[in-house]
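In this text, residue positions in the sequence shown follow the numbering used here: the first is 1305, and each later residue adds one.
Notes for the one structure printed next.
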Amino acid sequence: MQAAVVGFLIRPNLSRRTFTITTQQMHRLKQRIVSDLSPPPAAAPSSFVAVVALAWASFVRAKHPAGIFSADDMDRLGWDWMDTVTRRADMDRLVNVAGSTRFPEYEATDFGWGSPARTELVTMNHDGQVVLVAGKGGVLQASVSLHPAHMDEYKSYFLSYLG
1305 MQAAVVGFLI
1315 RPNLSRRTFT
1325 ITTQQMHRLK
1335 QRIVSDLSPP
1345 PAAAPSSFVA
1355 VVALAWASFV
1365 RAKHPAGIFS
1375 ADDMDRLGWD
1385 WMDTVTRRAD
1395 MDRLVNVAGS
1405 TRFPEYEATD
1415 FGWGSPARTE
1425 LVTMNHDGQV
1435 VLVAGKGGVL
1445 QASVSLHPAH
1455 MDEYKSYFLS
1465 YLG
């Protein structure tokens, strides 16, 4: 047990980038997703769905994981699903996406000096983390934490798909 705790506390060398997605880029991203699907969906995806899809696709392109992955396994794995997943999963293939629509980062963090120029989650300490934050003026921030060997390819695909 001691080795597991020590291994958990050791953080790998990670690269962190924050991508700012404007309302125009978001509109183009949604249009591109709709045009790439066959048959086209009845409605464009939400901003959250569009950015999570782009983050996942960028992750897959950058890391080249094996062709098999699982999603939404909680019901099939029973009450101890997290223990089962962590024993079976290749941790290099996990992507964790988080965000909150209930915490206005830019308004809530004005301590009298004006609103911050940028906010970011400090605890992004794992390979494959993505945090979505609503930015100023309708933009969306997507902060990504990856191993440095994968960040350039991730960035290239992410930005190219935004057009």
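Note that the Cβ used here is the ideal one computed from N, Cα and C, for glycine as well.
Within the segment 1317-1345, note down every full beta strand (DSSP E) run reaching 3 residues or more, in order along the chain.
1319-1325
Integer-rounded CB distance, given that Leu1436 should sit under 8 Å from Leu1501
Absent from the model: residue 1501. The displayed extent of the chain is 1305 to 1467, so no value can be given.
Return the chain-ordered list of same chain residues with a C-beta closer than 7 Å to the C-beta of Ser1362, the five sequence neighbours on each side being excluded.
Tyr1458, Tyr1461, Phe1462
Could you have a look at Leu1466 and say whether DSSP puts it in helix, strand or coil?
helix
Beta carbon of Pro1344, beta carbon of Val1338: below 7 Å?
Yes. Within cutoff.
Would you identify the three-state DSSP class for Leu1358, choosing helix, strand or coil?
helix
Would you call the CB atoms of Ser1350 and Met1330 closer than 7 Å?
Between Ser1350 and Met1330, the C-beta spacing is not below 7 Å.
Which value, in whole angstroms, describes the spacing of the CA atoms of Gly1418 and Ser1342?
Here the alpha carbon of Gly1418 sits roughly 47 Å from the alpha carbon of Ser1342.
Would you call Gly1432 buried or exposed, if buried means 16 or more other Cβ atoms sit within 10 Å of its Cβ?
buried
For Thr1322 and Glu1424, which I take to be in contact (beta-carbon distance under 8 Å), what is that distance rounded to the nearest angstrom?
6 Å
How should His1368 be labelled, buried or exposed, when 16 other C-beta atoms within 10 angstroms of its C-beta is the threshold for buried?
exposed
Express the C-alpha separation of Thr1413 and Gln1306 in angstroms, rounding to a whole number.
Confidence at Gln1306 is low in this model, with a pLDDT of 49, below 50, so the placement of that residue is unreliable and no value is reported for it.
Where Gly1403 falls: helix, strand or coil (DSSP)
strand
Can you name the start and end residues of the beta strand (DSSP E) that Ser1449 belongs to?
1444-1450
Below 8 Å on the Cβ atoms is my contact criterion, and I expect Ala1348 with Lys1334 to pass it. Report the Cβ-Cβ distance as a whole number of Å.
4 Å
Less than 8 Å between the CB atoms is what I'm expecting for Val1448 and Arg1320, so what's the real figure, rounded?
7 Å
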